[in-house]
Amino acid sequence: MTLASEFGTGQVFLSMLWFFLFFIWIWLLIVVFSDIFRSRDLGGLAKALWVIFVIVVPYLGVFVYL
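With the working numbering as the guide, the letters of the sequence shown map in order to residues 1 to 66.
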């Protein structure tokens, strides 16, 4: 009962914000990976390097690709 009384409106908002940011990040990764694999102008090695780059350095890799 005390846990529910300590969980205020601000914490609910922050929890929802983090959930939606996580959801958007997963969606962005799926879109980038699908775009990499659908690209006809990239060869197999270039696709593999992009995938490795996005996996190793996720934020930088996605933003550089975009």
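Note that the Cβ used here is the ideal one computed from N, Cα and C, for glycine as well.
Where the alpha helix (DSSP H) through residue i begins and ends
i     : result
LEU49 : 44-56
PHE23 : 9-38
Nearest-angstrom beta carbon gap, residue j and residue i [assumed within contact, 8 Å]
i     : j     : result
THR65 : VAL54 : The sequence shown places Tyr at residue 65, rather than the Thr named in the question. At roughly 7 Å, the Cβ-Cβ gap stays under 8 Å, so TYR65 and VAL54 are in contact.
LYS47 : PHE63 : Going by Cβ atoms, the distance from LYS47 to PHE63 rounds to 18 Å, so no, they are not a contact pair.
Classification of residue i by the beta-carbon crowding that lies within 10 angstroms, buried from 16 upward
i     : result
VAL32 : buried
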